[in-house]
Amino acid sequence: MTDQSNSDIELIKKRRSELDKEKSKLQAKIDEIKKQEAELNQEAVDLAVTERTLARLHNKPLPEDPHPIAKSHSGKPKGLPTVAEMANIILREAEHKGIMALETQEIVEKVREKWWPEVTSNDVAPNLWRLARENRLVKDETRYSRPGRGNDTPAEEPPAKINGEVDPLP
1 MTDQSNSDIE LIKKRRSELD KEKSKLQAKI DEIKKQEAEL NQEAVDLAVT
51 ERTLARLHNK PLPEDPHPIA KSHSGKPKGL PTVAEMANII LREAEHKGIM
101 ALETQEIVEK VREKWWPEVT SNDVAPNLWR LARENRLVKD ETRYSRPGRG
151 NDTPAEEPPA KINGEVDPLP
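Rendered as structure tokens:
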């Protein structure tokens, strides 16, 4: 190869590296915008629920929801761990930091940060409640923890798998 060829190849490598950095920056912006959109959607859903609740309490007709945001939510994207797996990983990571239990909203925020920017409380809370009912999580008032952590009797549970691989955290 000539010196010119090597120089051209180095220029291409440098430009590819710059493109990768630009794409990473754009993806970070996209993720932040999706997170903000999810927060706004959740607030809109919360306001609609509150409005309906207040209407019932005051014997008023139920209002039509002019913002059917909840209906546009398409569910958990394919390829993500199950909510049970996500919750166990999040709680395990918290335990490593000395935090033995988390509130539902704390779990939702971690799911949003790690996997699913559009997640709402309605996507996670019913699953957490069901996991507690099945004794796969422990619910103490408003906080959830993993079984066998001094909060109940130990539970035998296979290691969590993500995309077919065993979760490395014990």
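For the sequence shown, the positions run 1 to 170 when the numbering used here is used.
Glycine included, C-beta positions come from ideal geometry on N, C-alpha and C.
Note that the coordinates shown come from a computational prediction; the quantities given were computed from them, not determined experimentally.
Per DSSP, cross-strand counterpart(s) of residue i
i: Leu102; result: Tyr144
i: Lys139; result: Tyr144
Cβ shell of residue i (< 7 Å), same chain only, five flanking positions each side left out
i: Leu128; result: Ala87, Thr104, Ile107, Leu137, Tyr144
i: Gln4; result: none
i: Glu109; result: none
Sub-8 Å separation of residue i and residue j beta-carbons
i: Leu102; j: Leu91; result: yes
i: Val83; j: Val124; result: yes
i: Leu62; j: Arg52; result: yes
i: Arg15; j: Glu95; result: no
Chain-order list of residues whose beta-carbon lies under 6 Å from that of residue i (same chain, five-residue window excluded)
i: Arg146; result: Leu91
i: Thr120; result: Gln42
i: Leu131; result: Ala84, Leu137
i: Gln36; result: none
i: Ala70; result: Note that Ala70 scores 47 on pLDDT, short of 50, meaning its location in the model is unreliable; the coordinates nonetheless yield the value given after this. If we look at Ala70 and ignore the five residues flanking it on each side, its Cβ neighbours are Val45.
Contact set for residue i: own chain, Cβ-Cβ below 8 Å, skip 5 residues either direction
i: Lys34; result: Pro117, Glu118
i: Arg38; result: Checking the displayed sequence, the identity of residue 38 turns out to be Ala instead of Arg. Same-chain partners within the cutoff: Arg112, Pro117, Glu118, Val119, Thr120.
Problem - At least 3 beta-carbon pairs within less than 8 Å: the segment 109-120 vs the segment 73-92 - result: yes
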